[in-house]
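**Student:** Going by our numbering, the sequence shown opens with residue 41, and the numbers climb by one from there.
Glycine residues also receive a C-beta, built at the ideal position from the N, C-alpha and C atoms.
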Amino acid sequence: MDALVKARFVEMFGDPVLNTMEWPVYELTEYIQFLTSGSRGWSQYFTDSGEYFITIKNVKNRRIALDDVQYVVPPDNAEAKRTRVQEGDLLVSITADLGRTGVVTKEIEDYGGYINQHLICIRLNQDAVRPLYVAYYMESEAGRSQFQAKNQSAVKAGLNFNSINSLRLMVPPVKLQDKFISFVKQTDKSKYAIQQSLNKLETLKGALMQKYFGCANQV
Numbered sequence: 041m042d043a044l045v046k047a048r049f050v051e052m053f054g055d056p057v058l059n060t061m062e063w064p065v066y067e068l069t070e071y072i073q074f075l076t077s078g079s080r081g082w083s084q085y086f087t088d089s090g091e092y093f094i095t096i097k098n099v100k101n102r103r104i105a106l107d108d109v110q111y112v113v114p115p116d117n118a119e120a121k122r123t124r125v126q127e128g129d130l131l132v133s134i135t136a137d138l139g140r141t142g143v144v145t146k147e148i149e150d151y152g153g154y155i156n157q158h159l160i161c162i163r164l165n166q167d168a169v170r171p172l173y174v175a176y177y178m179e180s181e182a183g184r185s186q187f188q189a190k191n192q193s194a195v196k197a198g199l200n201f202n203s204i205n206s207l208r209l210m211v212p213p214v215k216l217q218d219k220f221i222s223f224v225k226q227t228d229k230s231k232y233a234i235q236q237s238l239n240k241l242e243t244l245k246g247a248l249m250q251k252y253f254g255c256a257n258q259v
């Protein structure tokens, strides 16, 4: 299904490297309303419960995974306010594995989430570009090649604000972006349903193994 979504992206928007459909291309800065990097030195605020402290390990495949997230009780200061994420924020890794993306959900905003220094938060003009579309573009070959070209060091990977602002973005009409996002969401629902079925089958398999082989072992 992941391959299907990638194929759908190319079908709707053309080859993003060659821009075969000749969509207008602009620098990302044209659409950025707010840009900030995350906090460093927050280990003193770590706790077993609290709000989310999102790190690079949580940002992957255009999503934010919370199954292994760190919790914090944030300080009441300007830095915490600056690094608190909102629904629709695009998070991008700017060190190590460059260009990993994730889009902040309403659930994360409502619960409370903050980012560390290895991530950058991009708040976009959503009247012109949809964050999830931008995430898919940035994780396409067209985006990845730009991240590698802008890498500041061959020894230690890293990007700065200028690098992010100057990223080039292919910009198709918003209606077409929305159509693609609807397809992604429908695919996600199907993936979830399939995973639930697989989990049930695995549970049933375990129960049958215990019933037929567990008892035999006892005998």
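Straight-line CA distance for Phe-187 to Gly-139?
**Tutor:** To locate residue 187, count along the sequence shown from 1; it is residue 147. To locate residue 139, count along the sequence shown from 1; it is residue 99. Their backbone Cα atoms lie some 6 Å apart in a straight line.
**Student:** Please indicate yes or no: does the CB of Gly-254 lie closer than 7 Å to some heavy atom of the ligand COA?
**Tutor:** Questions concerning the ligand COA fall outside what the structure shown contains, since it holds no ligand whatsoever.
**Student:** What does Ile-148 pair with, by DSSP beta-bridge criteria?
**Tutor:** Indexing the sequence shown from 1 puts residue 148 at position 108. Beta-bridge pairing links Ile-148 to no other residue.
**Student:** With distance defined between alpha-carbon atoms, name the residue in Asp-218, Gly-153 and Val-169 nearest to Asn-98.
**Tutor:** Position 58 of the sequence shown, counted from the start, is the residue given in the question as residue 98. Of the listed residues, the one whose Cα sits closest to Asn-98 is Gly-153.
**Student:** In this structure, does DSSP put Met-61 in helix, strand or coil?
**Tutor:** As a first step, residue 61 must be located in the sequence shown, where it is residue number 21. In this structure, Met-61 counts as coil in the three-state DSSP scheme.
**Student:** Taking DSSP as the reference, what is the three-state secondary structure of Asn-98?
**Tutor:** Position 58 of the sequence shown, counted from the first residue, corresponds to residue 98. If DSSP states are grouped into helix, strand and coil, Asn-98 belongs with the helices.
**Student:** Where do the ends of the alpha helix (DSSP H) carrying Ile-204 lie?
**Tutor:** Residue numbering aside, residue 204 sits at position 164 when the sequence shown is read from its first letter. Element bounds for Ile-204: 201 to 205.
**Student:** Name, in chain order, the residues that DSSP records as bridge partners for Met-210.
**Tutor:** Start at 1 with the first residue of the sequence shown, and residue 210 comes out as number 170. Partner(s): Val-65.
**Student:** For a test of the three-state rule: what should DSSP assign to Gly-54, helix, strand or coil?
**Tutor:** As a first step, residue 54 must be located in the sequence shown, where it is residue number 14. Here Gly-54 sits in coil by DSSP.
**Student:** Indicate the three-state DSSP secondary structure (helix, strand or coil) for Leu-106 in the structure shown.
**Tutor:** Mapped onto the sequence shown, residue 106 falls at position 66. Looking at Leu-106 - three-state DSSP - the assignment turns out to be coil, as it is neither helix nor strand.
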